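Contents: one structure, followed by commentary.
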Amino acid sequence: MKKIKLIIADDHTMFLEGIVSLLEIEEHITIIGKAINGNEVQDLLKKSLTDIVLLDISMPEMDGIEVTKLIKNTYPSVKVLIISTHSNVQMIAKLIRMNVDGYLLKNAEKEELLLAINTIQNGGRYFCEEVNRKNEDNTYKLKNEILQITELSNREKEILILIAQEFTGNEIADKVNLSLNTINTHRRNLLSKINVKNTAGLVKYAIEYGLLD
Numbered sequence: 001m002k003k004i005k006l007i008i009a010d011d012h013t014m015f016l017e018g019i020v021s022l023l024e025i026e027e028h029i030t031i032i033g034k035a036i037n038g039n040e041v042q043d044l045l046k047k048s049l050t051d052i053v054l055l056d057i058s059m060p061e062m063d064g065i066e067v068t069k070l071i072k073n074t075y076p077s078v079k080v081l082i083i084s085t086h087s088n089v090q091m092i093a094k095l096i097r098m099n100v101d102g103y104l105l106k107n108a109e110k111e112e113l114l115l116a117i118n119t120i121q122n123g124g125r126y127f128c129e130e131v132n133r134k135n136e137d138n139t140y141k142l143k144n145e146i147l148q149i150t151e152l153s154n155r156e157k158e159i160l161i162l163i164a165q166e167f168t169g170n171e172i173a174d175k176v177n178l179s180l181n182t183i184n185t186h187r188r189n190l191l192s193k194i195n196v197k198n199t200a201g202l203v204k205y206a207i208e209y210g211l212l213d
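So the sequence shown is numbered by this note's numbering: it starts at 1 and just counts up by one.
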């Protein structure tokens with residue numbers, strides 16, 4: 001039986017060592033590395049490709065969101081299982097849009113952790129009951145938010161990104177070869193479509209929905 005190779009990352013040493021202790025006795029699992037921040041995860045991935053990374057969200061230097069983005073872009077065969085105290089709907093939705101493979105809360109039992117690992121290794125996805133419930137409770141809201149993104153034209157997305165990058169209206173007009181009046185019209189349309197009041201709302205939206213690198 002092929003062993004499942006894991007990297008485990010959490011900046012709380014006691015929790016990290018606890019997970020290691022739980023899993024290292026499992027015959028079908030090999031822990032190839034542990035990390036206390038995202039940079040260490042990156043270093044481990046460069047040295048030895050793993051099957052699954054067990055990943056906390058709140059970590060110094062490079063958080064779980066950034067590490068997930070790195071893994072999905074650079075190591076597409078590597079799976080990501082988030083294990084976190086966070087059950088914020090927006091956070092969960094953002095990670096789901098990034099194609100995270102699983103999400104557990106830190107109060108999960110060992111049996112559920114093993115179930116999640118085995119499910120993900122076999123090509124499935126695993127989200128704990130609370131995460132699933134929150135997604136179901138917010139299905140209508142999330143669908144509307146996703147619809148908002150798809151309703152933006154490519155030009156509107158381009159201008160939104162430039163606004164979020166703090167370019168002025170004149171600078172944006174020069175970059176996309178349009179008049180300032182046209183840029184201002186696009187900005188008004190963005191405020192209306194996204195349903196925010198000002199530039200700060202546009203910037204927040206661009207960040208939350210992964211439109212910025």
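Where a beta carbon is used, it is the ideal one built from N, C-alpha and C, also for glycine.
Note that the structure is a prediction, hence the values are computed from the model and not measured.
Check                                                                                                                                                 : Outcome
Let me check understanding here. Comparing Cα to Cα, which of Val20, Ser77, Lys72 lies closest to Asp10?                                              : Val20
DSSP three-state call for Leu45: helix, strand or coil?                                                                                               : helix
Grab me the residues of Ser58's own chain with a C-beta within less than 6 Å of its C-beta, minus the 5 sequence neighbours each way, in chain order. : none
State the Cα-Cα distance for the pair Met14 and Ile29, rounded to the nearest angstrom.                                                               : 20 Å
Starting from Gly33, trace the beta strand (DSSP E) both ways and give me its first and last residue.                                                 : 29-35
Answer with buried or exposed for Ile25, where buried requires no fewer than 16 other C-beta atoms within 10 angstroms of its C-beta.                 : exposed
In terms of alpha-carbon separation, which member of Val80, Ile163, Arg155, Val41 lies closest to Gly124?                                             : Val80
Does Ala200 have its Cβ less than 8 Å from a Cβ in chain D?                                                                                           : Here chain D cannot be found, since the structure has a single protein chain.
In terms of alpha-carbon separation, which member of Asn37, Leu49, Lys204, Tyr103 lies closest to Val131?                                             : Tyr103
Starting from Ala200, trace the alpha helix (DSSP H) in both directions and tell me its first and last residue.                                       : 199-208
With distances taken from CA atoms, which of Asn107, Ile82, Ile31 is nearest Ile120?                                                                  : Ile82
Determine the extent of the beta strand (DSSP E) in which Ser84 is found, giving its start and end residues.                                          : 79-84
Which runs of the alpha helix (DSSP H) at least 4 residues long sit entirely within the region 148-196? Give them in chain order.                     : 154-164, 169-176, 180-194
For Ile207, does the count of other Cβ atoms within 10 angstroms reach 16, so buried, or fall short, so exposed?                                      : exposed
Skipping 5 residues on each side, what residues in its chain have a beta carbon closer than 7 Å to that of Lys72?                                     : Met98, Asn99
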